[in-house]
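Student:
Number of protein chains: 2
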Amino acid sequence: MSETELRELSWDEAITLASPHPYVLGVTADAAGKPNALGLGWWTICSWEPPMMAVSLGKRRYSRQALEYCRELVVCLIGEEHARGAWICGTKSGRKTDKLALAGFTTVPSLVVKVPTIAECVLAFECQLAGELETGDHILYVGKVVAIRGAAGSPKHLYSLHYRKLVAISATGEVSLAVPHEG
Amino acid sequence: MSETELRELSWDEAITLASPHPYVLGVTADAAGKPNALGLGWWTICSWEPPMMAVSLGKRRYSRQALEYCRELVVCLIGEEHARGAWICGTKSGRKTDKLALAGFTTVPSLVVKVPTIAECVLAFECQLAGELETGDHILYVGKVVAIRGAAGSPKHLYSLHYRKLVAISATGEVSLAVPHEG
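If you're matching them up, the sequences are chains A and B in order.
If you're matching positions, the first sequence starts at 1 in my numbering and goes up one per residue.
If you're matching positions, the second sequence starts at 184 in my numbering and goes up one per residue.
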């Protein structure tokens, strides 16, 4: 055991210092079949075989109701040129607005699941719900990845700096600040 | 719906393109009280109130047995100057070696939990196990964050490029490649 210069931090400070967090959009559909896109800063891969991912959704979010209904989710990584649209999807509620249209995104049919894929994404994981776990004020949903598509090359995709700004980073470590304007 | 230029990808290609993944070390202790550090590339925050994090551990890993035994975990973010040590902790098994010593890390007592904190870390989340969910070949463990400490400033911390290299990124988006040498 040795000395340390660590000082106590608040949860808010700590989440800021742990930035950037990988930021993706999740596509679901509501009971009327309307596609909805939600911003997800809290997610991870969670199984190699079968391929699985976990996403954390606030209990009160409209998007959670849609996910519970459709039981499918397409996790879309977004490139830097669509940072503003990605930000809109993460900051507006889909309850009364068509966020995808507002954000300038279009959709294409997915390969396996019924909910569509964002046409402009750089990487899309089609998931079918396989489990869930209540965690405080959120629920962790685990999805089995049933199809994957991606754009050519290794485009930069988005990370959030504590949900205040976005930064774009490529799989080879190139970075650019992609500060979105409020819509 | 519109046209797309997305093409099908393998899981391995997709995990590569989704890089960089935030890379942290988790400290546990085994039945003999020996601290052990594991590399974690699959983790996320999963509740704001109470503060909670989820980490995904392979079922066969030695570190998982230690976590099941001690029921505590300190999630440590590591700065770029310790990339080599962080890499060692993620690539060697702790079954027969003292990974922390081999990696050049020392430990300090934690504030709340019994397992120690890596003295050289830039951010430490002390967690008590609060839930788990089986997900394919891994288990998602959810921990309640009971104390947090961090270093001064906003040091760069590590992200993995598909577990082949590490890159260091600060909370304000500055980046450097921190390619570790094999120990």
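Using N, Cα and C, we set each Cβ at its ideal position, and we do this for glycine too.
Which one or two residues does DSSP pair with isoleucine 118/A in a beta bridge?
Tutor: For isoleucine 118/A, which the question treats as bridged, DSSP gives the partners Thr107/A.
Student: Considering only C-alpha positions, which residue in the set Leu360/B, Val358/B, Ala354/B is nearest to valine 13/A?
Tutor: The amino acid occupying residue 13/A in the given sequence is glutamate; valine does not appear at that position. The residue with the shortest Cα to Cα distance from glutamate 13/A is Ala354/B.
Student: Valine 258/B and valine 207/B: beta carbons closer than 8 Å?
Tutor: In this structure, valine 207/B lies closer than 8 Å to valine 258/B by Cβ.
Student: Report the three-state DSSP secondary structure of methionine 1/A (helix, strand or coil).
Tutor: Confidence at methionine 1/A is low in this model, with a pLDDT of 49, below 50, so the placement of that residue is unreliable and no value is reported for it.
Student: Note down the Cα distance separating serine 93/A from valine 27/A, rounded to an integer number of angstroms.
Tutor: Their Cα atoms are separated by approximately 13 Å.
Student: So is proline 234/B in contact with chain A if we call contact Cβ pairs under 8 Å?
Tutor: Answer yes: the Cβ-Cβ gap between proline 234/B and chain A drops below 8 Å somewhere.
Student: Under 8 Å, Cβ to Cβ, is there at least one residue of chain A near alanine 220/B?
Tutor: Not an interface residue.
Student: Within the 8 Å Cβ cut-off, does valine 113/A reach chain B?
Tutor: So, not an interface residue.
Student: Under a Cβ-count criterion, where at least 16 other Cβ atoms within 10 Å of its own Cβ denotes burial, should valine 142/A be classed as buried or exposed?
Tutor: Burial call: buried.
Student: Listed in chain order, which residues of the stretch 189-201 of chain B have Cβ atoms closer than 9 Å to some Cβ of chain A?
Tutor: Here the close residues are Leu189, Arg190, Glu191, Leu192, Ser193, Trp194, Glu196, Ala197, Ile198, Thr199, Leu200, Ala201.
Student: Just to confirm before moving on: does the CB-CB distance between arginine 71/A and leucine 38/A stay below 8 Å?
Tutor: Contact flag unset, no.
Student: What does the alpha-carbon distance come out to for the pair alanine 302/B and threonine 289/B?
Tutor: Computed Cα separation, rounded: 6 Å.
Student: Given a cut-off of 8 Å on the beta-carbon distance, is the pair serine 343/B and serine 202/B in contact?
Tutor: Closer than 8 Å, so yes.
Student: Looking at aspartate 137/A: is its Cβ nearer than 8 Å to the Cβ of tryptophan 231/B?
Tutor: Yes, these two residues count as a Cβ contact at 8 Å.
Student: Determine the extent of the alpha helix (DSSP H) in which serine 202/B is found, giving its start and end residues.
Tutor: Premise fails: serine 202/B is in no alpha helix (DSSP H) and is neither H nor E.
Student: To which residues does DSSP link proline 218/B through a beta bridge?
Tutor: BP columns for proline 218/B point to Ala212/B.
Student: Please look up how many angstroms separate the CB atoms of arginine 190/B and arginine 149/A, rounded, as I've assumed it's under 8 Å.
Tutor: Correct: roughly 6 Å between the Cβ atoms.
Student: Run through DSSP, which three-state label would threonine 355/B get?
Tutor: Threonine 355/B falls in the coil class under three-state DSSP.
Student: Could you check if glutamate 126/A is buried or exposed, using at least 16 other CB atoms within 10 Å of its CB as the buried criterion?
Tutor: By the 10 Å Cβ count, glutamate 126/A comes out buried.
Student: Along the chain, which unbroken stretches of the beta strand (DSSP E) at least 3 residues long are found entirely within the stretch 303-338 of chain B?
Tutor: You should have 306-318, 321-333.
Student: Helix, strand or coil: how does DSSP classify glycine 41/A here?
Tutor: If DSSP states are grouped into helix, strand and coil, glycine 41/A belongs with coil.
Student: What does glutamate 255/B pair with, by DSSP beta-bridge criteria?
Tutor: According to DSSP, which records beta bridges pairwise, glutamate 255/B is partnered with Gln311/B.
Student: Lysine 99/A to alanine 214/B, Cα distance in whole Å?
Tutor: The straight-line gap from Cα to Cα measures roughly 51 Å.
Student: Comparing alpha-carbon positions, which option in Ser56/A, Glu81/A, Ile45/A lies nearest tryptophan 194/B?
Tutor: Measuring from the Cα of tryptophan 194/B, the nearest candidate turns out to be Ile45/A.
Student: Measuring straight from C-alpha to C-alpha, what distance separates glycine 224/B and isoleucine 352/B?
Tutor: Going by the C-alpha atoms only, they are around 15 Å apart.
Student: How about cysteine 127/A: is its C-beta nearer than 8 Å to some C-beta of chain B?
Tutor: Not closer than 8 Å to any Cβ of chain B, the Cβ of cysteine 127/A fails to qualify, so no.
Student: Could you tell me how far apart the beta carbons of alanine 130/A and leucine 323/B are, in whole angstroms, since I believe they sit closer than 8 Å?
Tutor: At roughly 12 Å, the Cβ-Cβ gap does not stay under 8 Å, so alanine 130/A and leucine 323/B are not in contact.
Student: Do alanine 335/B and glutamate 5/A come within 8 Å of each other at the CB atom, strictly closer than that value?
Tutor: A contact, by the Cβ cut-off of 8 Å.
Student: Where does glycine 216/B land, buried or exposed, given buried means 16+ other C-beta within 10 angstroms?
Tutor: Exposed, because fewer than 16 other Cβ atoms sit within 10 Å of the Cβ of glycine 216/B.
Student: Check the Cβ of valine 145/A against every Cβ in chain B and list those closer than 9 Å, keeping chain order.
Tutor: Chain B residues near valine 145/A: Trp194, Ala197.
Student: Between the alpha carbons of lysine 144/A and proline 51/A, how many angstroms are there, rounded?
Tutor: Answer to the nearest angstrom: the Cα atoms are 6 Å apart.
Student: Please name the residue in Leu200/B, Glu251/B, Thr199/B, Ile198/B whose C-alpha comes closest to that of asparagine 219/B.
Tutor: It is Glu251/B whose Cα lies nearest to the Cα of asparagine 219/B.
Student: Find the nearest neighbour of lysine 297/B within the set Val305/B, Gln311/B, Leu285/B, judged by alpha-carbon distance.
Tutor: Ranking Val305/B, Gln311/B, Leu285/B by Cα distance to lysine 297/B puts Gln311/B first.
Student: Residues in its own chain within less than 6 Å of leucine 200/B by CB, not counting five upstream and five downstream?
Tutor: Around leucine 200/B: no qualifying Cβ.
Student: Return the CA-CA distance between arginine 267/B and alanine 286/B, expressed in angstroms with no decimal places.
Tutor: Using only the alpha carbons, I get a separation of about 7 Å.
Student: Please report the straight-line C-alpha distance between glutamine 248/B and isoleucine 78/A, rounded to a whole angstrom.
Tutor: Glutamine 248/B and isoleucine 78/A: Cα-Cα distance of roughly 37 Å.
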